[in-house]
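Whatever position you read off the sequence shown (first residue = 1), add 95 for the working numbering.
Glycine included, C-beta positions come from ideal geometry on N, C-alpha and C.
Since the model is a prediction, treat every value here as computed from it, not as a measurement.
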Amino acid sequence: MYAAQLPALHQPIEWRECRDLQPEKGEILVKVSHAALNHRDLYIQEGLYAGITLPCTLGSDGVGVVVNESGAYQQGERVLICPSVAWGSSEKAQGKQFRVLGMPDPGTMATHIVRPEAEVFPCPKHLTDEEAAALPLAGLTAYRALFTQGRLTRDDRVLITGIGGGVATMGLLLATAVGAEVWVTSGSQEKIDKAIALGGKGGASYKTDDWGKTLKKASGGFDVLLDGAGGPGYNQLMHVANPGGRIISYGGTAGSIPKLSPQKLFWKQLHLIGSTMGSPRDFAALLALVNKHEIRPLVDRVFPVSEINAAFDYFRSGQQQGKVVVSIG
Ligand SMILES: NC(=O)c1ccc[n+]([C@@H]2O[C@H](COP(=O)([O-])OP(=O)(O)OC[C@H]3O[C@@H](n4cnc5c(N)ncnc54)[C@H](OP(=O)(O)O)[C@@H]3O)[C@@H](O)[C@H]2O)c1
């Protein structure tokens, strides 16, 4: 088998021949067709991630076909791999053994991967391989944040920040699918326009000083706010939130939150909620929602694995809206 491995920090990815994998009882050997990139892959390459072990095979998102006959799956069946490893026994939060797939466990950017049966799921039939590869990590994170943690219903008005992001785009698709009204922020008008074309109601640039005021006036305020940025903009989220609003944070792209008003927090009875990835149960619920509404993840660009370093550079540039996919096949 071959795998896209990071040999050392700050180095290009190398496509290397590796020892073939042998599944044990209860494990599934998957021949990977497509993988996708996440911020995490860049952070690992740049040495900005905890507990890096090298060399490592990157990649948390993957779709492929089952190679070995198992109790649950037929040979040749198309499957999606859950990016959460060893979530643990509680649905409230991950346990101590929890890991994200792709370092230290060998990831999806390889011709083959072995996963426990419980972390492999039937792939939604309406998705192409490229779309399926775009779903797992971003979809799982958006699903848990919006539904499990944020208790989103169709009656909620939703704000999603940084709509160019992979999780944010999936959040838009999932929330609009259930009938919620969704507004967005972005650093790019083009991305706001695309979000509106995908079902969003409107948006504002987070690069303006008063985007919070503009959005509050235009929308009337938000019940659920999905945020991957943090940073100084977080205070504007508290301003645009409706009384009793739920602000769910899953990322910190814009850094630490400089000051937070306790008065605004208690007077508006706000809920500040954190969310990370999701359990296999969240993943199954995500797939049920994707199947029910025939949701199609947004693929920005597909690179062949021979151009994997170009894919990393493109992802790093931040031009994408939706996922950057790597074709392994
Ligand atoms: N907790 C978890 O389980 C989990 C899972 C996945 C990711 N994350 C974290 O979540 C963050 C986003 O990840 P991703 O892979 O979805 O993102 P991504 O595709 O890398 O995109 C990040 C987005 O952040 C937006 N952004 C940049 N500065 C901003 C600001 N000041 N205010 C608002 N938005 C801003 C940009 O939006 P525009 O392009 O629209 O300007 C950009 O597209 C990262 O920090 C990542 O590590 C956490």
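- By the neighbour-count definition (other C-beta atoms within 10 Å, threshold 16), Trp306 is a buried residue.
- For Ala324, same chain residues with a beta-carbon under 8 Å away, outside a window of 5 residues either side, are Thr256, Gly257, Tyr301, Gly346, Gly347, Thr348, Ala349 in chain order.
- In this structure, Ala405 lies away from Val421, with their beta-carbon atoms at least 8 Å apart.
- With a 10 Å radius around the Cβ and a threshold of 16 neighbouring Cβ atoms, Asn133 comes out buried.
- Around the beta carbon of Leu355, fewer than 16 other beta carbons sit within 10 angstroms, so the residue counts as exposed.
- The nearest non-hydrogen atom of ligand 1 is less than 7 Å from the C-beta of Tyr345.
- When the Cα atoms are used, Tyr409 and Ile287 turn out to be separated by approximately 20 Å.
- Secondary structure of Glu285 (DSSP, three-state): helix.
- Residue Glu226 holds the alpha-carbon nearest to the alpha-carbon of Ala130 among Ile147, Glu226, Val161, Pro199.
- Linking Ala103 to Pro201 through their CA atoms gives a straight-line distance of about 15 Å.
- Ser128 places its beta carbon 8 Å or farther from that of Ile390.
- By the neighbour-count definition (other C-beta atoms within 10 Å, threshold 16), Tyr168 is a buried residue.
- Taking a contact as a CB-CB distance under 8 Å, the pair Val215 and Pro118 does not count as one, their CB atoms being some 11 Å apart.
- By a beta-carbon distance limit of 8 Å, Leu196 contacts Val180. Their separation comes to about 5 Å.
- Relative to Ser185, the option among Asp304, Lys308, Asp251, Gly373 whose CA is nearest is Gly373.
- For Met372, the Cβ falls inside the 7 Å cut-off from some heavy atom of ligand 1.
- When DSSP states are grouped into helix, strand and coil, Lys311 belongs to the helix group.
- Straight through space, the alpha carbons of Ala379 and Leu230 are spaced by roughly 12 Å.
- Residue pairing by DSSP puts Pro217 in a beta bridge opposite Val174.
- Short of 6 Å from the beta carbon of Asp115, and not among the five residues preceding or following it, lie these beta carbons of its own chain, in chain order: Met96.
- Distance from the CA of Gly260 to the CA of Gly417, rounded to the nearest whole angstrom, comes to 6 Å.
- The three-state secondary structure of Trp110, taken from DSSP, is strand.
- In the structure shown, Ser412 falls within a helical segment according to DSSP collapsed to helix, strand and coil.
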